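Visitor:
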Amino acid sequence: MKTTLHLKLNGRDAALEVAPHARLLDVLRDVAGLTGAKEGCGEGECGACTVLVDGRAVNSCLFPALEAEGRSVVTIEGLAGAQGGLSSLQQAFVQEGGAQCGFCTPGMVMSAAALLSANRDPSDDEIRDALVGNLCRCTGYAQIVASIRAAAGKAGAP
Ligand code: FES
Ligand code: FES
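Quick note: the sequence shown, position 136, residue 422 per our numbering, numbers continuous.
#1: Would you tell me roughly how many angstroms separate the C-alpha atoms of Gly384 and Ala351, rounded to the nearest one?
#2: So the alpha helix (DSSP H) Arg414 belongs to, where does it begin and stop?
#3: Using the Cα positions of Ser374 and Val304, report the straight-line distance between them to the nearest angstrom.
#4: Compute every distance between the C-beta of Arg414 and the non-hydrogen atoms of ligand 2, then say whether any falls below 6 Å.
#5: Any heavy atom of ligand 2 closer than 6 Å to the CB of Phe379?
#6: With the cut-off set at 7 Å, would you say Ile434 and Ala398 are in Cβ contact?
#7: Please report the residue range of the alpha helix (DSSP H) in which Glu303 lies.
#8: Can you give the Cα-Cα distance for Asn345 and Gly426, rounded to whole angstroms?
#9: Counting by C-beta, which residues lie closer than 5 Å to a heavy atom of ligand 2, in chain order?
#10: Shortest alpha-carbon distance to Glu355 belongs to which of Cys422, Cys390, Cys424 and His292?
#11: Less than 8 Å between the CB atoms is what I'm expecting for Gly364 and Asn296, so what's the real figure, rounded?
#12: For ligand 1, is there any heavy atom lying closer than 6 Å to the beta carbon of Gly326?
#13: Looking only at C-alpha atoms, which of Ala308, Gly328 and Thr290 sits nearest to Ala301?
#14: Buried or exposed: which applies to Thr321, given that a residue is buried once 16 or more other Cβ atoms fall within 10 Å of its Cβ?
#15: Roughly how many whole angstroms lie between the Cα atoms of Asn405 and Ala343?
#16: Taking 6 Å as the line, does the beta carbon of Asn420 fall inside it for any heavy atom of ligand 1?
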């Protein structure tokens with residue numbers, strides 16, 4: 287028995303048929319077709335599944351989909367520019383080498399987007415604090431912090 291979930295998804299009204307105990311991550315990927323958010327651990331440890339719910343970064347692998355009823359959900363696909371180009375934050379990740387294999391990148395970018403929405407000029411410590419729930423096996427984190435620092439100074443970011 288499925289239930290209709292009504293939400294604003296990447297700025298547009300959406301109605302999705304979901305199972306009562308579905309995870310938001312599965313609904314986004316398998317029902318909405320938005321595969322940017324990734325499943326790493328499935329246990330709230332790695333941050334690869336991070337999306338924004340009402341502007342707050344959450345682990346969508348732990349978030350019950352029906353708790354998104356009536357709320358705004360933004361995925362990495364929702365950060366793209368009006369013509370489908372990269373946002374300032376995404377461009378900064380490209381330019382500063384913040385993405386290597388890219389598996390962690392959607393989650394990193396969404397955590398960074400939440401940070402920059404609340405704090406336009408974060409210190410490196412504040413950036414690292416914002417990423418505490420996001421793991422990366424490739425970059426050593428320095429390039430990710432540099433990417434977010436670079437984006438912070440740009441008008442219109444994230
Ligand atoms: S897949 Fe959600 S935190 Fe790892
Ligand atoms: S770029 Fe590979 S896990 Fe972060």
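Positions of the beta carbon are idealized from the N, C-alpha and C atoms, including for glycine.
Note that the structure is a prediction, hence the values are computed from the model and not measured.
Guide: By the coordinates alone:
#1: In the sequence shown, counting from the first residue as 1, residue 384 sits at position 98. In the sequence shown, counting from the first residue as 1, residue 351 sits at position 65. About 30 Å.
#2: Against the sequence shown, residue 414 aligns to sequence position 128. Run containing Arg414: Asp410 to Ala416, per the alpha helix (DSSP H) assignment.
#3: Within the sequence shown, the letter at position 88 stands for residue 374. Within the sequence shown, the letter at position 18 stands for residue 304. Each residue's Cα considered, the two are about 33 Å apart.
#4: Position 128 of the sequence shown, counted from the first residue, corresponds to residue 414. Not under cutoff, so the answer is no.
#5: One-based indexing of the sequence shown puts residue 379 at position 93. It does not: the Cβ of Phe379 is nowhere closer than 6 Å to a heavy atom of ligand 2.
#6: Position 148 of the sequence shown, counted from the first residue, corresponds to residue 434. Position 112 of the sequence shown, counted from the first residue, corresponds to residue 398. A contact, by the Cβ cut-off of 7 Å.
#7: Position 17 of the sequence shown, counting from 1, holds the residue named residue 303. It is not in any alpha helix (DSSP H) - Glu303 instead sits in the beta strand (DSSP E) that spans Arg298 to Val304.
#8: For the purposes of this step, residue 345 is identified with residue 59 of the sequence shown, where counting begins at 1. For the purposes of this step, residue 426 is identified with residue 140 of the sequence shown, where counting begins at 1. C-alpha separation (whole angstroms): 22 Å.
#9: Gln386, Cys387, Phe389, Cys390, Cys422, Arg423 and Cys424
#10: Sequence index remark: in the sequence shown, residue 355 carries index 69 (1-based). The shortest Cα separation from Glu355 among Cys422, Cys390, Cys424 and His292 belongs to His292.
#11: As a first step, residue 364 is located in the sequence shown; it is residue number 78 there, counting from the start. As a first step, residue 296 is located in the sequence shown; it is residue number 10 there, counting from the start. Confirmed, Cβ separation roughly 3 Å.
#12: Counting from one through the sequence shown, the residue named residue 326 turns up at place 40. Checking every heavy atom of ligand 1 against the Cβ of Gly326, one is found closer than 6 Å.
#13: Start at 1 with the first residue of the sequence shown, and residue 301 comes out as number 15. Residue Thr290 is the option with its Cα nearest to Ala301.
#14: As a position in the sequence shown, residue 321 is number 35, starting the count at 1. Exposed: under 16 other Cβ atoms inside 10 Å.
#15: Position 119 of the sequence shown, counting from 1, holds the residue named residue 405. Position 57 of the sequence shown, counting from 1, holds the residue named residue 343. For Asn405 and Ala343, the distance between alpha carbons rounds to 14 Å.
#16: Locating residue 420 in the sequence shown gives position 134, counting from the first residue. No, the Cβ of Asn420 stays beyond 6 Å of every heavy atom of ligand 1.
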